[in-house]
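Residues 1 to 154, numbered by the UniProt record's numbering, are exactly what the sequence shown covers, in order.
In this text, a Cβ means the ideal position worked out from N, Cα and C, and glycines have one as well.
Computed from a prediction, not measured in an experiment: that's the story for all the values here.
Below is one structure, written out as structure tokens; the observations come after it.
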Amino acid sequence: MEQAKLLSDTVLAIFRANGRLIAWGDHFAAAQALTSARWQMLGALALAGEPLTAPQIADSMGVSRQGAQKQLNLLFADGLLTRTPNPAHQRSPLYWLSAAGQQCFNEVDSRWRQHALKVAASFAPGELESVQRLLDKLASLHPPEDAKGENDAR
Numbered sequence: 001m002e003q004a005k006l007l008s009d010t011v012l013a014i015f016r017a018n019g020r021l022i023a024w025g026d027h028f029a030a031a032q033a034l035t036s037a038r039w040q041m042l043g044a045l046a047l048a049g050e051p052l053t054a055p056q057i058a059d060s061m062g063v064s065r066q067g068a069q070k071q072l073n074l075l076f077a078d079g080l081l082t083r084t085p086n087p088a089h090q091r092s093p094l095y096w097l098s099a100a101g102q103q104c105f106n107e108v109d110s111r112w113r114q115h116a117l118k119v120a121a122s123f124a125p126g127e128l129e130s131v132q133r134l135l136d137k138l139a140s141l142h143p144p145e146d147a148k149g150e151n152d153a154r
């Protein structure tokens, strides 16, 4: 039972950190007229290196397809994305950064990299790698299709 409580406390800490990081990211990205959600979508496309569909972006960022689509529509309307037909799926267009979107992402990413260097210095060697492995494992044990607990006995 002690492990279960520790896991619960860890998940609560993740939820708190997530809320704070989203609020912090909204403030940080506001200089480029972005929210954390919009920054996340630009980042997903920039990191992919190729056009993606809304479901692909949602999956890579761990958000709902509808949530990703909403942000993609806003970014497209603001001229930060291009949208092209998808030969593999007629109703799921491909999105890519426009020149303005690439510039916007580069600006926020440059500021982020400076910030990340400062914050990373607060951690002991190996701490961030351990946390990343833990979060990756925790996420892999909770795929979206298991939200109703169908595979509780792993």
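Between the alpha carbons of residue i and residue j, how many angstroms are there, rounded?
i           : j           : result
residue 108 : residue 116 : 12 Å
residue 228 : residue 93  : Outside the modelled stretch of the chain, which goes from 1 to 154, sits residue 228, for which no answer is possible.
residue 119 : residue 102 : 25 Å
residue 17  : residue 136 : 16 Å
residue 127 : residue 6   : 18 Å
residue 79  : residue 114 : 27 Å
residue 74  : residue 88  : 24 Å
residue 28  : residue 106 : 14 Å
residue 154 : residue 2   : For residue 154, the pLDDT reaches just 45, beneath the cut-off of 50, and the residue's location in the model is therefore unreliable, although a value from the coordinates is still provided. Rounded to whole angstroms, residue 154 to residue 2 spans 19 Å at the Cα level.
Leaving out five residues on either side along the sequence, give the residues of the same chain with a beta carbon under 6 Å from the beta carbon of residue i.
i          : result
residue 76 : 83
residue 54 : 65, 68, 69, 72
Assuming residue i contacts residue j under a Cβ cut-off of 8 Å, what Cβ separation, rounded to an integer in Å, is found between them?
i          : j          : result
residue 39 : residue 62 : Incorrect: roughly 15 Å between the Cβ atoms, too far for contact.
residue 52 : residue 45 : 6 Å
Helix, strand or coil: which one does DSSP assign to residue i?
i           : result
residue 153 : Low per-residue confidence applies at residue 153: pLDDT is 45, beneath 50, and the placement is therefore not dependable, though the value from the model is reported in the following sentence. Looking at residue 153 - three-state DSSP - the assignment turns out to be coil, as it is neither helix nor strand.
residue 80  : coil
residue 52  : strand
residue 94  : strand
residue 108 : helix
residue 122 : coil
Decide if residue i is buried, meaning its Cβ has at least 16 other Cβ atoms within 10 Å, or exposed.
i           : result
residue 123 : exposed
residue 56  : buried
residue 58  : buried
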